[in-house]
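A quick write-up on the structure given underneath.
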Amino acid sequence: MNAVIPPLSLLEGRRHRWLNTVHTWLLAGGSLLLLAVTAYVFAGFFGVIVAIVFGAFAVAGVLRISPQMVLSMYKAQPVSRAEFPAGVEMVEELARRAGLPAAPRLHIVPSNMLNAFAVGGKDNSAIAITDALARRLSARELAGVLAHEMSHIAHEDLKVMAFADVVSRYTSIMSSIGIFTLLLNLVGLAGGYSEPVPWLGVIVLIVAPTIGGLLQLALSRTREFDADLGAAMLTGDPDGLASALQKLEREQGRMWEQMMLPGGRNPHPSVLRTHPPTAQRVARLMQLKGSVGAVLPPDATILRPAALDRPPQHRRSSIPSIGGRSARTVRELETVARHLADAPRAGVADPGEEPASAVHIRLPEGKPRIRVRRGGVYW
1 MNAVIPPLSL LEGRRHRWLN TVHTWLLAGG SLLLLAVTAY VFAGFFGVIV
51 AIVFGAFAVA GVLRISPQMV LSMYKAQPVS RAEFPAGVEM VEELARRAGL
101 PAAPRLHIVP SNMLNAFAVG GKDNSAIAIT DALARRLSAR ELAGVLAHEM
151 SHIAHEDLKV MAFADVVSRY TSIMSSIGIF TLLLNLVGLA GGYSEPVPWL
201 GVIVLIVAPT IGGLLQLALS RTREFDADLG AAMLTGDPDG LASALQKLER
251 EQGRMWEQMM LPGGRNPHPS VLRTHPPTAQ RVARLMQLKG SVGAVLPPDA
301 TILRPAALDR PPQHRRSSIP SIGGRSARTV RELETVARHL ADAPRAGVAD
351 PGEEPASAVH IRLPEGKPRI RVRRGGVYW
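Here the sequence shown is numbered in this note's numbering, starting from 1 and rising by one per residue.
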């Protein structure tokens, strides 16, 4: 039997968001500091200046990459309202709740794998899901996944991770060049060159890429936790995302079992994963079940999407929620909270088995390319 998880208050949820933000800045600052130290060991202050200049150009270049270019790499195709009305309406409603200036364009990847990703920034973004994801997840589960990706877009996580990736790569480049230069100097030492070897600098150059990679992975996990929190606040339904995560975990587990030896279901420790362990993510979502839209004292600040303060639209929301309510106003949020407070906390509520899409939206074309890296399966 699962242990009872105590509810997490909205103020506690806001504290988690603040801690995630602080954690993000600390990890990003640590990555920058590591790059500066590596560059200094390699070439002094000149190396630091070179790293800053070239790093700035690299970050600017990465941020200018067109979302369409990334989508074309995965053969993602835009989907119309006629083809997948429920999915398009979910994206539009979630974008309204998240306060985005424009709704991301929904794309379908013709693949039998279960996956979803977001590209672009607030003004020009897209969300891609695989055909199998739309057919295997229920409407509530799909709403949770789409809200998770929407949260990434709203919080500019894609830019944060692009910045972290550039810093990590430049750290590795500086380290590799420094080690290569050191090897050349060792040849000189064998020939009678008597300059002492800076062993502290050598150690820094050797360990810098590993530390940089770990910082990048930790930053990714922090942003994933924050996106889960944001998704729960957008939908008012932590159960939907939790159930989707568990279903994705089962599918990924079967994939690993086919690729690895028996017992290799989770071949990497959590510190080497881009995403937190599913059990931890589900546990945090279950803590939110009693707090999404909870009634607080008059002097407390209610944490809710800014879009909920806008006048409600007249058309029915396509986003499923607990108790059949859309949770568009504070009054409805309080009603949802009362339903959630009475719900059992031992596990994830059944989100239903009716798939979000009963038919293929885009037929899979061949087998996707599989790349295993840093604790996850990517295609």
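All C-beta atoms, glycine included, are put in the ideal place defined by N, C-alpha and C. All figures in this text were calculated on a predicted structure; none of them were measured in a lab.
query: Rounded separation between Thr222 and Ala154 - CA only; result: 15 Å
query: Beta-bridge pairing of Ser125 - partner residues as DSSP gives them; result: Gly120
query: Cα-Cα separation between Arg64 and Val160, rounded to whole angstroms; result: 14 Å
query: Contact check, Gly240 vs Arg140, beta carbons under 7 Å; result: yes
query: Own chain residues within Cβ distance below 7 Å of Ser168, not counting five before or after; result: Ser31, Gly212, Gly213 and Gln216
query: Member of Glu251, Met174, Tyr170 and Met150 whose CA lies at the smallest distance from the CA of Met233; result: Met150
query: Residues bridged to Ile203 (per DSSP); result: Ile203 pairs with nothing; no bridge assigned.
query: Pro78, DSSP secondary structure in three states; result: strand
query: Burial state of Ala208, where buried means 16 or more other Cβ atoms lie within 10 Å; result: buried
query: Ala82 classed as buried or exposed, judged by whether at least 16 other C-beta atoms fall within 10 angstroms; result: exposed
query: Buried/exposed call for Pro312, threshold 16 Cβ in 10 Å; result: At Pro312, the pLDDT of 35 sits below 50, so the modelled position is not reliable; the number obtained from the coordinates is stated separately. Pro312 is exposed by the Cβ-count criterion.
query: N- and C-terminal bounds of the alpha helix (DSSP H) containing Arg97; result: Pro85 to Ala98
query: Reduced DSSP category for Ser172 - H, G, I as helix; E, B as strand; rest coil; result: helix
query: Own chain, CB closer than 6 Å to Ser176, minus 5 neighbours either side, in chain order; result: none
query: Whole-number beta carbon distance between Ala128 and Leu71, since they are thought to touch under 8 Å; result: 6 Å
query: Per-residue DSSP class, three states only, for Leu380; result: Coverage of the chain is limited to positions 1 through 379, which leaves residue 380 absent and any answer about it impossible.
query: Spatially closest choice to Trp25 from Glu251, Ala164, Phe57 and Gly121, by CA coordinates; result: Ala164
query: Counted within 10 angstroms of its Cβ, other Cβ atoms place Phe225 as buried (16 or more) or exposed; result: buried
query: Cβ-Cβ distance between Ala143 and Thr235 below 7 Å; result: yes
query: Straight-line gap, Leu133 to Leu34 (C-alpha atoms, nearest Å); result: 39 Å
query: Arg136 - containing alpha helix (DSSP H), residue span; result: Asp131 to Arg136
query: Which residues DSSP lists as bridging Val109, in chain order; result: Thr130
query: Alpha helix (DSSP H) segment containing Thr278, residue limits; result: Thr278 to Gln287
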